[in-house]
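With the sequence shown counted from 1, adding 34 to any position gets you the working numbering.
Worksheet for the structure shown next.
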Amino acid sequence: MKQRIKKLCAMLIAGTMLFSMVGCSGTESKENTKGKTQKEENTDKALYISVEKESTSSDKVEFPWYNLRLPCILMYRSLVLANPAETEFAPDMAEYEISPDGLVYTFNLKDNLKWSDGEPLTAEDVKWSAETALKATQVTSTFTTCFNYIKGAKEFTEGTADTISGIVIDGNKIIFELTGSYANFLKSMAQFSILPKHSLENEDPLTLYQSDFWAEPVTSGYYKFDEMHAGSYYSLSLNENYEGTKPKIEKVVCNYVSNQTTAITSGASDYAFTNSSSDIEVLNKDENLTGYFNEYLFYKYLIFNMSGADGNQNPAMQNPKVREAVAYAIDRDAIAALYGDVAKVIYNGVPVSDESNDGKVYKYDPEKEKKLLDEAGWDWDYTVRILYYNDDETSKNIIAAIVQYLQDIGMKAESTYTSQGTQDLFTTRDYDIGFKGTGPLDTYYSEYMSNSATFQNIYGGDTAFDESISRLMSSTDMEGQNAAKAELQKIEEEKLYKVPILTLGYYTYLNTSRLNVPEDLDMGTPGHRCDIKFTEWEIK
């Protein structure tokens with residue numbers, strides 16, 4: 035093991051030199067100077083948040099149905115609000131009731147809810163948002179999985195019905211009738227941002243995430259959109275139409291940066307989150323920062339571009355023995371060591387520590403990898419194209435290591451970074467192997483659903499997982515969930531659509547030299563909406 039880690043470290047030194055020569059600037063600070071200038075020119079009573087350019091357009095805010103980051107959480111609301119552990123749910127925009135059989139959820143919206151432009155926020159906005167999410171292309175699979183449990187969703191997505199029959203409006207009430215028990219319905223609704231129908235109903239759902247609306251959005255949360263400075267920052271101010279307790283912080287400035295760690299350590303930001311060991315090492319040494327750890331199942335894994343629902347084929351990755359060879363090519367222990375204590379090695383979607391895990395173990399075995407490729411009739415002159423979209427140093431080092439692992443047994447391999455995020459994984463599709471992340475477990479598995487808006491573009495809408503995923507999502511007891519997870523492990527081994535490498539926890543950092551926050555604060559999982567007691571935050 036130690037020898038493998040030493041070998042990997044040597045490979046990574048060479049890989050880092052290569053990345054620096056081609057001009058990657060993930061850790062450079064020059065792009066943060068715009069944010070720092072904005073801070074110096076404005077009141078120190080503002081909260082400064084970094085928005086990485088790779089996760090959003092530089093002239094639009096993030097799309098909350100796919101990139102739910104802190105600015106979106108401050109601008110938009112959901113029907114219910116989760117506690118940081120996401121096990122309990124309190125009313126946000128609505129009180130709720132659940133029928134005894136768990137199939138009917140009734141939400142009673144608060145009176146006089148308004149959008150930031152003064153228009154009423156109604157049950158029609160909720161129904162429109164749920165229906166539109168099922169037609170949108172950029173939407174996390176958590177929501178599509180959830181909404182497909184609603185009665186009439188299938189007919190709606192197939193185009194044989196104009197609306198979802200299981201969503202019924204009765205004045206301020208909106209009722210969701212499910213076709214079967216779904217254990218994560220409230221958990222999903224707590225993350226789902228309701229969007230304004232009156233502003234977006236004429237937009238094409240397929241390109242909703244690219245709409246000009248996001249350059250000057252109408253909001254529902256604590257803050258309204260203030261102004262956009264394309265390529266530099268945008269600002270938020272208190273939403274006078276928000277009926278709840280107002281935050282003590284009156285202004286938020288969201289700076290576009292290339293790296294959150296550089297921004298928060300340079301003083302240009304008050305907030306950052308990461309699971310990069312190199313970032314954590316730097317941030318833990320900064321006496322101005324307080325870190326909040328969340329032991330979240332965030333998966334890092336490889337995906338294969340094989341066969342899209344559009345008919346676009348990639349024969350190179352279609353032989354399962356080729357994908358199995360890649361599974362044996364990865365030295366997971368050595369890669370996990372790069373992340374330190376926040377990483378746990380995995381071989382399928384069920385964590386190794388889970389009592390239901392009895393899946394196959396793909397230990398690092400280059401000889402077996404080469405044998406499988408020979409059996410598959412691999413073309414040794416073919417160059418495998420690896421695509422990744424995170425440009426932190428740890429991710430770049432992992433990609434350099436994977437390229438080297440493949441080259442060590444004679445494969446030709448190269449890597450490409452995209453600043454377009456997952457769009458190039460599921461739309462452009464000019465690659466063989468992609469490096470991706472998601473979590474938690476239910477989201478990881480929901481990507482396999484045949485109706486997943488994104489993954490059907492690389493797996494062709496395979497239905498093999500659907501029944502087992504439905505059992506996992508609907509089971510309210512541990513026995514049922516464990517049985518479903520055991521089934522899913524077997525299907526994963528058969529299909530090998532993903533090669534899981536590890537899971538990560540997350541650290542969220544706040545600049546507590548500027549911020550007063552509650553002593554018992556729990557930040558929950560970054561990118562998830564939960565109660566972080568934000569109205570109690572204040573600038574010192």
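From the three backbone atoms N, C-alpha and C, an ideal C-beta is built for every residue, glycine too.
As the structure is a prediction and not an experimental result, all values here were calculated from the model.
**Message:** Quick check: what's the CA-CA separation for G325 versus N318?
**Reply:** 7 Å
**Message:** I want to know whether the segment 111–128 touches the segment 282–290 - three or more CB-CB distances under 8 Å.
**Reply:** no
**Request:** Pick out the complete beta strand (DSSP E) segments inside the segment 256–287, 3 residues or longer, and give them in chain order.
**Result:** 257–263, 267–272
**Residues sharing a beta bridge with V379, DSSP** = L536
**Asked** With burial defined as no fewer than 16 other Cβ atoms inside 10 Å of the residue's Cβ, what is the status of S54: buried or exposed?
**Response** With a pLDDT of 30 at S54, under the threshold of 50, the modelled position of this residue cannot be trusted; read the value that follows with caution. Per the 10 Å Cβ criterion, exposed.
**Message:** Using only CA atoms, which one of T456, S312, G514 lies nearest to T428?
**Reply:** S312
**Asked** Of the choices P534, Y541, R357, A116, whose alpha-carbon is the least far from that of Q225?
**Response** A116
**Prompt:** For V386, does the three-state DSSP call read helix, strand or coil?
**Reply:** coil
**Request:** Measure the alpha-carbon distance for T241 versus L522 and round it to whole angstroms.
**Result:** 33 Å
**Asked** Grouping DSSP H, G and I as helix and E and B as strand, with all else coil, what is D159?
**Response** helix
**Prompt:** Exposed or buried, E86, counting other C-beta atoms within 10 Å across all chains shown (16 or more means buried)?
**Reply:** buried
**Request:** Answer with buried or exposed for N236, where buried requires no fewer than 16 other C-beta atoms within 10 angstroms of its C-beta.
**Result:** exposed
**Prompt:** Is D246 buried or exposed, if buried means 16 or more other CB atoms sit within 10 Å of its CB?
**Reply:** exposed
**Message:** If I follow the unbroken beta strand (DSSP E) through R463, where does it start and stop?
**Reply:** Unbroken run through R463: none, as it is neither H nor E.
**Request:** Identify whether D204 lies in helix, strand or coil by the three-state DSSP scheme.
**Result:** strand
**Message:** DSSP has I573 in a bridge; who is on the other side?
**Reply:** L549
**Nearest candidate by alpha-carbon position, reference D425, set S310, E153, K394, L147** = S310
**Message:** Give me, in chain order, the residues of the same chain whose beta-carbon lies closer than 6 Å to that of S29; leave out the 5 immediate sequence neighbours on both sides.
**Reply:** Nothing can be reported for residue 29: it is not among the residues displayed for the chain, which extend from 35 to 574.
**Request:** Would you mind working out which of D565, D78, V533, L530 sits nearest G301, comparing C-alpha positions?
**Result:** D78
**Request:** Look up I39 in the DSSP assignment and say whether it is helix, strand or coil.
**Result:** For I39, the predicted model reports a pLDDT of 43, less than 50, meaning its position is unreliable; a value from the coordinates is still stated below. Here I39 sits in helix by DSSP.
**Asked** What is the rounded straight-line gap between the Cα of G214 and the Cα of A187?
**Response** 12 Å
**Item:** Buried versus exposed call for A264 [16 or more other C-beta atoms within 10 Å across all chains shown]
**Value:** exposed
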